[in-house]
Structure formats: structure tokens, C-alpha cells
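In terms of the numbering used here, the sequence shown opens at residue 111 and continues consecutively.
All residues carry an ideal CB built from backbone N, CA and C; glycine is no exception.
Bear in mind that the values here come from a model prediction, so they are computed numbers and not experimental data.
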Amino acid sequence: MNFKVIKSNSVFKGRVFEVKVDEIEYIETGNKTERQVAVHPGGAVVIAVKGNGKIILVSQYRYPHNEVILELPAGKLEFQEDPLHCAKRELEEETGYTSNKITKIGKIYTTPGFCSETLHIYLAEDLIEGNHAREEGEEDIQLVELTISEIEDKIKNGKVVDAKTICGIYFYKLLLNSGV
């Protein structure tokens, strides 16, 4: 790092994220500037693969875009929550499925230019069907089962635009192509 933080202030603290403004000084030049950061606890994304090879996605309304989006099950980490625990919780909460075979296959920084969010990507296999436990606002979630090829077509055609889903499918394809 070629800078030091002079001052850091939290200017907003909400339920989902906090916004902090840092004043930094570049060590070599002494120039000062400001950085705004959305501080997010991170989350977990689950690629839930059924025995027939189909992947479970959820179709749900997303307020910021005012539209229904097709995406992988995912959710925000609770304070100091283990990402694996979050993945298991979100899988059951949104889909009703559980799994005793969940493996971390990657992580992504969603928007590293201004946000600290890290999403941990998990593969869930040997799924066990059960009952979902959706939160308020998630009652209208619909499950959609698609092959990886069908998902790729939806990505190509702009029907899947969710970044965590696109990244998760890419990680899964890399895993499949590695023969592991």
C-alpha cells in the first residue's frame, strides 16, 4: 500500500451495510483524498445440484431493479457467521433442500471499487428434499430447475443477469472441466 488512513468516519449504518468515508494520504506525495466504502458482511451462494444434474435456481423479485430475477440461492452473513453455515441456512430457507455434502468452490468480490462484500460460493450435492423457511418478502420465490446448458443459454440471452449466479456457474463449469 502506498497510502495511510488519516481518518475514518461511519456516515450511515443500515441493516444490510454501513457506509464509511476514509481520508487517506499517499505516502510518496503527501496528497490527500477521500474513499467511500460500503461495508458489507458478505454472503454465501449455493449451486444446488440434483441427482439428475439439474441446478436449482430461485426466481424472486429484487427491489433495487424492480424486477423478478433468476438466480442461485444466496444470502447475507450474520455477524461473525461462518460462510458454510450461511450457505446451509440459505439453501434450506429458500429451497427447502438440505445437503450433507457442501463444498466451497470459490469466492468473489462483488464490486471491489467501493464495496467490501465477499461472496463465498458453495456446491451442494446429494440434496435432501424438505420444507423451506422463507423470510418475510420471500413468499413469492419460485424454484426453477435447469441444466447447466439451459442456464448458459439464459446468460447468453440476457435472461440471467445476476453476477453471483454467472460467477457461480462459471466456477461450477471449471470444476466439471477439471474432472474432480
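Grab the span of the alpha helix (DSSP H) containing residue i for me, first residue to last.
i: Glu235; result: It is not in any alpha helix (DSSP H) - Glu235 instead sits in the beta strand (DSSP E) that spans Thr228 to Ile238.
i: Leu194; result: Pro193 to Thr205
CB residue i to CB residue j, shorter than 8 Å?
i: Val149; j: Lys130; result: yes
i: Arg172; j: Glu203; result: no
i: Lys274; j: Val147; result: no
i: Ile215; j: Leu233; result: yes
i: Ile179; j: Gln190; result: no
i: Ile258; j: Ile231; result: no
i: Pro151; j: Lys186; result: yes
i: Thr220; j: Val168; result: no
i: Glu144; j: Glu133; result: yes
i: Tyr282; j: Ile238; result: no
Rank the options by C-alpha distance to the C-alpha of residue i and give the top, closest one.
i: Glu248; options: Gly278, Ile265 and Glu200; result: Glu200
i: Ser118; options: Asp236, Pro183 and Glu128; result: Glu128
i: Asn210; options: Val270, Ala197 and Thr220; result: Ala197
i: Cys225; options: Ile116, Gly153 and Ile137; result: Gly153
i: Lys160; options: Lys123, Val270, Lys283 and Glu235; result: Glu235
i: Ile137; options: Gly124, Met111, Asn162 and Ala158; result: Met111
Determine the extent of the beta strand (DSSP E) in which residue i is found, giving its start and end residues.
i: Tyr171; result: Ile165 to Arg172
Measure the alpha-carbon distance for residue i versus residue j and round it to whole angstroms.
i: Lys217; j: Leu256; result: 23 Å
i: Thr213; j: Leu285; result: 11 Å
i: Leu293; j: Gly140; result: Because the chain is modelled from 111 through 290, residue 293 falls outside the range shown and cannot be assessed.
i: Ser120; j: Leu194; result: 29 Å
i: Asp250; j: Asn162; result: 25 Å
i: Gln252; j: Lys264; result: 17 Å
i: His242; j: Ala184; result: 14 Å
i: Val270; j: Gly240; result: 26 Å
Can you list, in chain order, the stretches of the beta strand (DSSP E) that have 3 or more residues and sit fully within the segment 211-289?
Runs of the beta strand (DSSP E) inside the segment 211-289: 228-238 and 252-256.
Which ranges would you report for the beta strand (DSSP E) in the segment 112-170 if only whole runs of at least 3 residues count?
At a cut-off of 3 residues, the continuous stretches assigned as beta strand (DSSP E) that sit fully inside the segment 112-170 are 113-123, 128-136, 142-149 and 153-159.
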